[in-house]
Amino acid sequence: LEDKNWWETKFDEDVITILEKLGVLTDELKKKTYVFGLTVKNNYARDFAFKGLDDIGALNTELKMRKYITDLKDEKLQGHSYPPPLYYTLKTLGKIGPAAQVAIPVLINLLGDEWSVVREAAAEAYLKIAGIPEARPENIGLLHNLSISGDIGIKENLLLAQENRLLLDLPMFLPLIQVLKQKGITTEHLVRLAAPAAKEAIGKYFSEEKRKQAMDIVVALALRIRQEHDIPACSTIQYGVPLAAQVSENRLDWFERDLRALEGLAVELGSVNPYEVLHYGRDAILKFGTNPTEFEKAVGVTRIIPQWFKAARDKGLEDMKLQEAVPVMIERSSSIEGLRQGLQKEIASIGQNVYESGGESIYKCPDGRTLTALGIATDCSGFEWDCPMSGCKWSSAHCGYGEYDGTVTVTRYALPSWKNKPSSSSPVGAYVTTIVSSSPAQANSFASIIPASEAEVMMSVQKELNGRIRFDHREKKFYLDGSLIQGFFSGYLQDSEHLVGLNPAIAGRDFYAVPYGNLFHNSHFVVFQNGTIYHQDGEFDFATGKAVNERTYTCFVVSQNGEKSIERLTFIKGVHGKKDEIYNAYGQDISGIAQLAIYGQQIIREGNIVAPKSLTEEFADFNQLTQRYQHSFIGLTKEGELIIGAIGGNRAQGEGVLLGEMAEFIKQNSGFNTILLGNGGDVNITHN
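Throughout the sequence shown, residue numbering follows the working numbering, covering 335 to 1022 in sequence.
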């Protein structure tokens, strides 16, 4: 009974029972025996010893803790089922409360566990045992990990600890923090985004002896904006200061004058956030703002850019294409005055069909959706066909809108025969010639193999929602820019609108359209497109740019040369002026190689079915793991050809499939490496 090896490898409770019947085991010997068994590696033996101590009334808190801590360290209890067994141990620890202090180091370690339910339970237990950590800079990491609990006190202390760290590093910000608090304004934006951005820029563009004075100038700017004009200052600091620092050539007098120009912009805009001006006008300010006088001119001209967007929206048009045109216009403008004239000309002709010969031709369709930058288009007539919402001839002759009932549809309409369902994004696989196979394999199902060498995968994303919207699955509520929205968020584009935006690129080819409505709606769902990461609010740490819990993402990747693959990627969101980046499994930066990367849950890997339980963390809705749902997918065959498909059906009538059945369907249709794109109500595939 004192042989550790017997307990861990040969334990047999019948041995204990026989010894009890022989009268050999006294209560004293039982206690000694069972205490020994509490910390062995065999979890079954530990449970037996624990119960034995309880049966003889010898179980106290100290002995309980020995067993619980051993359980928490046991790798066998950290997975294999949902929730993992140690989840229940954590719940029990929380009930013990402060008497379980000895478990704190183990709990802190479990705050980084791969299972969210474990992290949440560990945070809950920690708070019940030790309470909320003090708001000290050294506790920032711990407070951040505990914030998964949702405890308001944790969030308050985390922000206060970050304030304290900021003031240790940059004490000149104290007056600004005091002013914000006096006015009842949160310091979150300043502490977590604005001040770090200013610090990084000044550290990069000013010599060491000038950095403190440069930061003093920044604080003075912010105090003037907030105290004299009573308007927000943080966006000016976050987005404007780095621009001013970059063009000031290490001259404090230039820097101060540039900040005065930014102050003028903030005052002119009033309560309107200057983000759009400074974000979309960034390239123009850096290109033309080479001295304080030119900097002020450049800021004034970039003020026109949001007015251009607004002019389009006021006429019921989208501004997505306009946003994409801005960098090209700036690049092609030889002077800030030329850019001003171009923007003013664009505003004057919004929604008009304009043709002007010469180097600065402007081409638009009647609805303004296909506006291109100056001098890009070759003729306007080539674009008119992609404006079905404006009543162009082909659309009125061939468009068909059918009711969407949750089934997979295959249509021959020029515009999809689906119900106009709101969605944040929609990828489209467009191809040139041959379809290898394209036929229903069972009721409400569809799969198609397309030659990868001929297929072009493109995607429409509602870019203006990037990083701004979040759906809380617990509360069943939407948040936009951190503020609660009443009811369902109504700002998503319709599926048909996404397709309209892609029509110029499709250019008359055959296509499949697959909705991707999880983007901006569920955690884990991210997209990398042309250098930008698109994600829901809260997916990335706003201080480091790393994904929450440093998660990685299985993605369908399209390289710049057209190659397609399924890869596990690390996404790093650019913060403080840095670019968005993605890295492959070998740690190589492929941001300049990949054109597109779309996340999805991988259920077929190298021809093998991935166990659904290993994907638990990747499903925001746990029901999709255990119940019948509709699913759509994209991936590659063993030969490297592109494959897409779906199983639909009305769930109210018991249709749809379990996740394992979906994986079998994909395997039967030659899927070798595949990811899911849609799960539930947005599952649909349309072929023209």
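Glycine included, every Cβ here is placed at the ideal spot set by N, Cα and C. Treat the numbers as computed from the prediction; the structure is a model and nothing was measured.
Best match in Gln820, Arg902, Met792 and Leu524 for proximity to Lys832 [C-alpha to C-alpha]:
The residue given as residue 832 occupies position 498 in the sequence shown. Looking at the sequence itself, residue 832 is His, so the reference to Lys does not match. Of the candidates Gln820, Arg902, Met792 and Leu524, the one whose C-alpha sits nearest the C-alpha of His832 is Met792.
Report the start-end ranges of each beta strand (DSSP E) in the region 958-982 that is 3 residues or longer and not cut off at the edges.
Listed in chain order, they are 965-970 and 976-981.
If distances are taken between C-alpha atoms only, which option among Ile352, Arg591 and Ala548 comes closest to Asn625?
One-based indexing of the sequence shown puts residue 625 at position 291. It is Arg591 whose Cα lies nearest to the Cα of Asn625.
Which residues DSSP lists as bridging His563, in chain order:
Counting from one through the sequence shown, the residue named residue 563 turns up at place 229. Answer by DSSP bridge pairing: none, since His563 is not bridged.
Find the nearest neighbour of Ala495 within the set Gly574, Leu477, Asp648 and Pro509, judged by alpha-carbon distance.
On the sequence shown, residue 495 is found 161 positions in, with the first residue counted as 1. Taking only the C-alpha atoms, the option nearest Ala495 is Leu477.
Three or more C-beta pairs below 8 Å linking the region 979-987 and the region 957-969:
Yes, the region 979-987 is in contact with the region 957-969.
With a floor of 4 residues, list each alpha helix (DSSP H) that falls wholly inside the region 376-404, ordered by position along the chain.
List check, alpha helix (DSSP H) in window: 377-389.
Just to confirm before moving on: does the CB-CB distance between Gly851 and Gly990 stay below 8 Å?
Along the sequence shown, one-based indexing puts residue 851 at 517. Along the sequence shown, one-based indexing puts residue 990 at 656. Between Gly851 and Gly990, the gap from beta carbon to beta carbon reaches 8 Å or more.
Grab the span of the beta strand (DSSP E) containing Met792 for me, first residue to last.
One-based indexing of the sequence shown puts residue 792 at position 458. First-last of the beta strand (DSSP E) with Met792: Glu790 to Val795.
Taking the C-alpha atoms as reference points, what is the distance between Glu534 and Glu497?
Numbered from its first residue, the sequence shown carries residue 534 at position 200. Numbered from its first residue, the sequence shown carries residue 497 at position 163. Those two C-alpha atoms are separated by around 17 Å.
Going straight from the alpha carbon of Asp346 to that of Glu362, what length do you get?
Position 12 of the sequence shown, counting from 1, holds the residue named residue 346. Position 28 of the sequence shown, counting from 1, holds the residue named residue 362. Computed Cα separation, rounded: 20 Å.
Would the region 940-957 count as touching the region 555-573 if we require 3 or more Cβ pairs under 8 Å?
Taking a cut-off of 8 Å on C-beta distances, the region 940-957 does not touch the region 555-573, as fewer than three cross pairs fall below it.
Using only CA atoms, which one of Asp844, Phe953 and Leu508 lies nearest to His1021?
Here the question's residue 1021 lines up with position 687 in the sequence shown. Out of Asp844, Phe953 and Leu508, Asp844 has the C-alpha closest to the C-alpha of His1021.
Apply the 10 Å Cβ neighbour rule to Ile1009 and answer buried if 16 or more other Cβ atoms are within range, or exposed otherwise.
On the sequence shown, position 675 is the one that residue 1009 refers to. Per the 10 Å Cβ criterion, buried.
Expressed to the nearest angstrom, what Euclidean distance is found between the alpha-carbon atoms of Val288 and Gly1014?
The question about residue 288 has no answer here: the residues shown for the chain are numbered 335 through 1022.
Assuming Leu500 and Ile474 are in contact, meaning their beta carbons sit under 8 Å apart, how far apart are those beta carbons, in whole angstroms?
Translated into the one-based positions of the sequence shown, residue 500 becomes position 166. Translated into the one-based positions of the sequence shown, residue 474 becomes position 140. About 11 Å; that fails the 8 Å criterion.
Of all the beta strand (DSSP E) runs that stay within the bounds of the region 896-969, which reach a length of 3 or more residues?
If you keep only unbroken beta strand (DSSP E) runs of at least 3 residues inside the region 896-969, you get 898-906, 915-917, 928-933 and 936-939.
To the nearest angstrom, how far is it from the Cα of Gly623 to the Cα of Ile638?
Within the sequence shown, residue 623 is the residue found at index 289, counting from 1. Within the sequence shown, residue 638 is the residue found at index 304, counting from 1. Their Cα atoms are separated by approximately 16 Å.
Go ahead and pull the three-state DSSP assignment for Gln863.
By 1-based counting over the sequence shown, the position of residue 863 is 529. The answer is strand: DSSP assigns Gln863 an E or B state.
Tell me whether Asn1018 is buried or exposed, calling it buried when 16 or more other Cβ atoms sit within 10 Å of its Cβ.
The residue labelled residue 1018 in the question sits at position 684 within the sequence shown. Buried: at least 16 other Cβ atoms inside 10 Å.
Can we say the region 811-826 touches the region 987-1006, given the rule of at least three CB pairs closer than 8 Å?
Taking one beta carbon from each stretch, the region 811-826 and the region 987-1006 have fewer than 3 pairs nearer than 8 Å; the two do not touch.
Nearest residue (CA-CA) to Tyr378, options Ser667, Trp341, Leu353 and Lys913
Start at 1 with the first residue of the sequence shown, and residue 378 comes out as number 44. Comparing Cα-Cα distances from Tyr378 to each of Ser667, Trp341, Leu353 and Lys913, the minimum goes to Trp341.
Please determine if the region 358-375 and the region 386-397 are in contact, where contact requires at least 3 C-beta pairs separated by less than 8 Å.
Output reads yes: the region 386-397 touches the region 358-375.
Going by the CB atoms, is the gap between Ile466 and Ile430 shorter than 8 Å?
As a first step, residue 430 is located in the sequence shown; it is residue number 96 there, counting from the start. As a first step, residue 466 is located in the sequence shown; it is residue number 132 there, counting from the start. No, these two residues do not count as a Cβ contact at 8 Å.
Just to confirm the assignment, what range does the alpha helix (DSSP H) spanning Asn339 have?
Residue mapping note: residue 339 aligns to position 5 of the sequence shown, counting from 1. Annotation: the continuous alpha helix (DSSP H) that includes Asn339 extends over Lys338 to Thr343.
Considering only DSSP beta bridges, list what Asp806 is partnered with.
By 1-based counting over the sequence shown, the position of residue 806 is 472. Lys811.
For Asn1007, which residues does DSSP report across the bridge?
For the purposes of this step, residue 1007 is taken as residue 673 along the sequence shown, with counting starting at 1. DSSP lists Leu970 as partners of Asn1007.
Alpha carbon to alpha carbon, what distance is there between Tyr887 and Ala919?
Residue numbering aside, residue 919 sits at position 585 when the sequence shown is read from its first letter. Residue numbering aside, residue 887 sits at position 553 when the sequence shown is read from its first letter. Between the C-alpha atoms of Ala919 and Tyr887 there is a straight-line separation of about 10 Å.
How far does the beta strand (DSSP E) with Thr521 in it extend, from its first residue to its last?
Here the question's residue 521 lines up with position 187 in the sequence shown. Here Thr521 belongs to no beta strand (DSSP E), and DSSP marks it neither H nor E.
Going straight from the alpha carbon of Met723 to that of Asn837, what length do you get?
Along the sequence shown, read from residue 1 onward, the residue named residue 723 stands at position 389. Along the sequence shown, read from residue 1 onward, the residue named residue 837 stands at position 503. Residue placement at Met723 is flagged as unreliable, the pLDDT there being 25, under the threshold of 50; a coordinate-derived value is accordingly withheld.
My guess is that Phe823 and Ile803 are in contact by the Cβ rule of under 8 Å, so how many angstroms apart are they, rounded?
Position 489 of the sequence shown, counted from the start, is the residue given in the question as residue 823. Position 469 of the sequence shown, counted from the start, is the residue given in the question as residue 803. Confirmed, about 6 Å.
In the DSSP output, what is Tyr868 paired with across the bridge?
On the sequence shown, position 534 is the one that residue 868 refers to. Val861, per the DSSP bridge assignment.
Which same chain residues end up closer than 6 Å to Ala579 when comparing Cβ atoms and leaving out the 5 residues on each side of it in sequence?
Stepping through the sequence shown from its first residue, residue 579 is reached at position 245. Closer than 6 Å at the Cβ level, and outside the excluded window around Ala579, lie Ala535, Ile536 and Tyr539.
Quickly, what does DSSP pair Cys889 with across the bridge? List them, please.
The residue labelled residue 889 in the question sits at position 555 within the sequence shown. DSSP output for Cys889 lists Glu901 and Tyr933 as bridge partner(s).
Could you tell me the distance, in whole angstroms, from the CA atom of Ile938 to the CA atom of Asp875?
Numbered from its first residue, the sequence shown carries residue 938 at position 604. Numbered from its first residue, the sequence shown carries residue 875 at position 541. Approximately 30 Å between the Cα atoms of the pair.
Kindly indicate which three-state DSSP category His1021 falls into: helix, strand or coil?
Position 687 of the sequence shown holds residue 1021. DSSP places His1021 in strand when its eight states are reduced to three.
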